[in-house]
Each structure stands twice: as structure tokens, then as C-alpha cells.
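Engineer: Residue numbers (this note's numbering): 9 to 335.
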């Protein structure tokens with residue numbers, strides 16, 4: 009039995025990206041792992057042939073194909089059920105793990121056994137493998153708990169590495185577009201201790217040439233689902249419920265959805281103006297968005313405010329946690 013089970017879901021990734029992702033795993037300095045890859049698109053013969061070749065080359069790879077498209081949450085759950093390692097690591101099919109990622113994360117968990125789940129910062133790359141930015145996240149467990157309750161998820165999903173017992177207990181729910189946030193919200197409710205390593209251990213890919221991506225098309229639903237994540241978590245904590253709230257249908261006001269979809273071009277233009285540093289354009293698009301659909305900006309502003317507030321106390325929280333929990 010391997011120490012670590014790495015779970016990866018594939019659907020329609022570019023073959024060259026899948027190759028880089030898989031190679032980055034099999035070339036890790038820590039070698040006692042199994043890589044569980046599940047293809048959630050039975051019609052994608054290109055990826056199927058690619059993975060079958062890998063299986064013949066490396067016996068640490070377990071490859072399965074879903075008979076029908078199950079979606080990301082259920083595909084990851086299938087991988088979790090197959091996992092036999094003491095720890096589970098997440099990996100996306102178009103990202104790149106740096107060679108020492110698992111060695112660093114596992115040594116950290118073994119050094120601080122009170123921790124249950126950790127992530128790391130990440131380098132952002134585009135479709136041409138060019139570096140375009142960095143994700144820097146809050147580190148302490150306290151900061152993880154507060155940001156989850158007040159605003160959003162903090163740990164970057166494809167950097168997760170944690171104890172298998174918790175992955176098998178929580179699993180992913182069919183809360184599409186926020187399944188990672190829902191997982192962390194429930195982890196917070198059950199008292200899981202989390203930490204983020206400051207060192208970037210992966211390169212995560214963002215396609216710059218796809219202005220209207222799936223996340224953009226479904227951004228309104230994602231926004232509403234994230235709000236439900238917060239509401240259910242805070243309800244469960246406030247009333248000390250024995251069980252975490254179950255999933256149920258969410259009503260998406262059609263008029264709000266229409267308003268949000270109309271300002272997507274403005275959101276894209278705002279993002280571009282922020283990158284180019286054109287303050288006049290930034291102000292113009294901000295005013296336009298606030299006038300048409302305030303919720304699109306107020307949520308992002310709330311996340312930014314909480315992140316900046318918690319950055320101030322995060323170092324002190326780390327010192328306290330090191331003394332209390334040995335973190």
C-alpha cells in the first residue's frame with residue numbers, strides 16, 4: 009500500500025497539458041504514491057489512449073473510465089473510494105506539480121501531526137506555459153476558518169494534501185462550481201485543522217484566450233452557491249446542529265441572473281484594465297458594474313476586505329498555533 013494517493017479527474021484537457029500534469033507527478037522526489045486517474049468523458053479516445061500508455065509504463069498509475077459523464081464531484085469521489093494511501097493529494101489535469109511538492113507537504117504533515125489538510129501558494133501560468141501571476145494565500149488555521157465563514161475558500165484546490173480519513177468522511181457533494189468551497193466549509197464545521205504553505209508548489213493554468221469560460225458562463229450560479237455555502241456553515245455553527253445541512257435545490261432569481269450575465273463583458277473589461285493599470289478605465293467599469301449589478305462587485309470587495317484584514321493578524325496567529333498545537 010502506498011503512503012500517498014494522488015487523485016486526478018480528466019475530461020477534455022489538451023493532451024499536452026495532461027502529459028505535463030502526469031509527468032510532474034511521476035517525476036516527484038517522493039515516489040511512494042499511487043496516481044488514480046479517472047476519465048469522465050468516455051468518448052475522449054485521445055486521452056484514453058494516452059493514459060493507457062502511461063499505465064503500461066508506470067505501475068503506480070491506476071486508470072479508470074466513467075461509463076457516463078458523472079461530473080467533477082462524483083468523479084473525485086470515485087477516486088477517493090479507490091484510494092488506499094494514508095494521505096490523499098489533489099491534482100488537476102492541466103496543472104504542474106513542482107518536483108518536491110509531495111516531499112515538502114508530507115514532511116510538513118508529519119512534523120505537525122495535528123494538521124489534517126494543507127495547501128500551498130501557486131504560480132499562475134497561461135496556455136503557453138508563461139508565468140502570468142502568483143496566488144498568495146493566508147497561512148494559519150484561524151485565518152482559514154474565518155475567511156471560510158465570512159467570505160470564500162482560501163486553500164487552492166489542486167494543492168490540497170491531507171489525511172485520507174477526512175477525504176473519505178466528507179467526500180465531495182454535487183454542489184457544482186463550489187464543490188471545493190463546500191468541502192472546506194464542512195471541514196471547518198467538523199473542526200479540521202488546515203494550513204497553507206507559503207512556498208508555491210504547483211503551477212496552475214488559466215487560459216487567457218478564453219474570455220467566456222465555463223466559470224464565466226456559470227458565474228452567477230457560482231456566486232449564489234458560494235453564498236449558500238457560507239449561510240449553511242454559519243447556521244450549523246450558530247445552532248450547533250448535529251448534522252451539517254443537506255443539499256437542496258437553490259432558487260436563482262431570473263432577473264438577477266439576467267443582470268449579472270449582461271455585465272460579464274464589463275467584468276472582463278475591468279479585469280483587463282486592472283492588469284494594464286489604466287485607472288480611468290478601471291473607475292469607469294467599476295461604476296458601470298455597480299450601477300447595473302452591485303452584487304458582482306460587493307462580493308469581490310468583501311473577499312478582498314477580509315483577506316487584507318486577516319493578512320495583518322495571520323503572522324500572530326501562526327505564532328500562537330505553533331505554541332498551542334505545535335503547528
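Backbone N, C-alpha and C define an ideal beta-carbon position, used for all residues, glycine too. Just so it is clear, the structure is predicted and the values come from calculations on it, not from any experiment.
1) Apart from the five residues just before and just after residue 63, which ones in its own chain have a Cβ nearer than 6 Å to its Cβ?
2) By how many angstroms is the C-alpha of residue 329 removed from the C-alpha of residue 81?
3) Where does residue 13 fall in DSSP's three states?
4) Per DSSP, what are the beta-bridge partners of residue 100 in this structure?
5) Terminal residues of the continuous alpha helix (DSSP H) containing residue 167?
6) Mind reading off the beta-carbon distance from residue 104 to residue 16? Whole number of angstroms is fine, and I expect it under 8 Å.
7) Should residue 9 and residue 92 be called a contact, given that it needs their Cβ atoms to be closer than 8 Å?
8) Starting from residue 211, trace the beta strand (DSSP E) in both directions and tell me its first and last residue.
9) Going by C-alpha distance, which of 23, 31, 79 is nearest residue 48?
10) Assuming contact is defined by CB atoms lying nearer than 8 Å, are residue 265 and residue 228 in contact in what I supplied?
11) Quick check: the Cα distance between residue 150 and residue 187, rounded to an integer number of angstroms?
12) Can you have a look at residue 23 and say buried or exposed, based on whether 16 or more other CB atoms are within 10 angstroms of its CB?
13) Measure the C-alpha to C-alpha separation of residue 322 and residue 332 and round it to an integer number of angstroms.
14) Given 8 Å as the limit, is there contact between the region 243-259 and the region 200-207, that is, 3 or more CB pairs closer than that?
15) Please report the distance separating the alpha-carbon of residue 84 from that of residue 98.
16) Once the 5 residues before and after residue 219 are set aside, which same chain residues still bring their CB inside 6 Å of it?
17) Apart from the five residues just before and just after residue 87, which ones in its own chain have a Cβ nearer than 6 Å to its Cβ?
18) Select from 132, 156, 73 the residue whose C-alpha is nearest the C-alpha of residue 167.
Structural biologist: In short, the structure shows the following:
1) On the chain shown, position 55 is the one that residue 63 refers to. Cβ within range, chain order: 69, 71.
2) Start at 1 with the first residue of the chain shown, and residue 81 comes out as number 73. Start at 1 with the first residue of the chain shown, and residue 329 comes out as number 321. One Cα belongs to residue 81, the other to residue 329, and the distance between them is close to 32 Å.
3) If you number the chain shown from 1, residue 13 lands on position 5. In the structure shown, residue 13 sits in a strand (DSSP, three-state: E or B).
4) Translated into positions along the chain shown, residue 100 becomes position 92. Residue 100 pairs with 17.
5) Working through the chain shown from its first residue, we reach residue 167 at position 159. First-last for residue 167: undefined, no H or E at that position.
6) Working through the chain shown from its first residue, we reach residue 104 at position 96. Working through the chain shown from its first residue, we reach residue 16 at position 8. In fact, because the Cβ distance is near 12 Å, the residues do not count as touching under 8 Å.
7) Translated into positions along the chain shown, residue 9 becomes position 1. Translated into positions along the chain shown, residue 92 becomes position 84. Their beta carbons are under 8 Å apart, which means residue 9 touches residue 92 by this criterion.
8) Here residue 211 refers to the residue found at position 203 of the chain shown. Start and end: 202-213.
9) As a working mapping, residue 48 is identified with position 40 in the chain shown. The candidate whose alpha carbon is nearest that of residue 48 is 79.
10) For the purposes of this step, residue 265 is taken as the residue at position 257 of the chain shown. For the purposes of this step, residue 228 is taken as the residue at position 220 of the chain shown. In contact: residue 265 and residue 228 (Cβ atoms closer than 8 Å).
11) As a working mapping, residue 150 is identified with position 142 in the chain shown. As a working mapping, residue 187 is identified with position 179 in the chain shown. Whole-angstrom Cα-Cα distance: 22 Å.
12) For the purposes of this step, residue 23 is taken as residue 15 along the chain shown, with counting starting at 1. Under this definition residue 23 is an exposed residue.
13) Sequence index remark: in the chain shown, residue 322 carries index 314 (1-based). Sequence index remark: in the chain shown, residue 332 carries index 324 (1-based). So the two alpha carbons sit approximately 15 Å from each other.
14) no
15) In the chain shown, residue 84 corresponds to position 76, counting from 1. In the chain shown, residue 98 corresponds to position 90, counting from 1. Going from the Cα of residue 84 to the Cα of residue 98 covers about 9 Å.
16) Sequence index remark: in the chain shown, residue 219 carries index 211 (1-based). Low local confidence applies: a pLDDT of 42 at residue 219 is under 50, so the model's placement there is unreliable, with the coordinate-based value given in what follows. Cβ neighbours of residue 219 beyond the five flanking positions: 276.
17) In the chain shown, the residue the question calls residue 87 occupies position 79. Excluding sequence neighbours, residue 87 sits near 15, 44, 46.
18) Position 159 of the chain shown, counted from the start, is the residue given in the question as residue 167. Taking only the C-alpha atoms, the option nearest residue 167 is 132.
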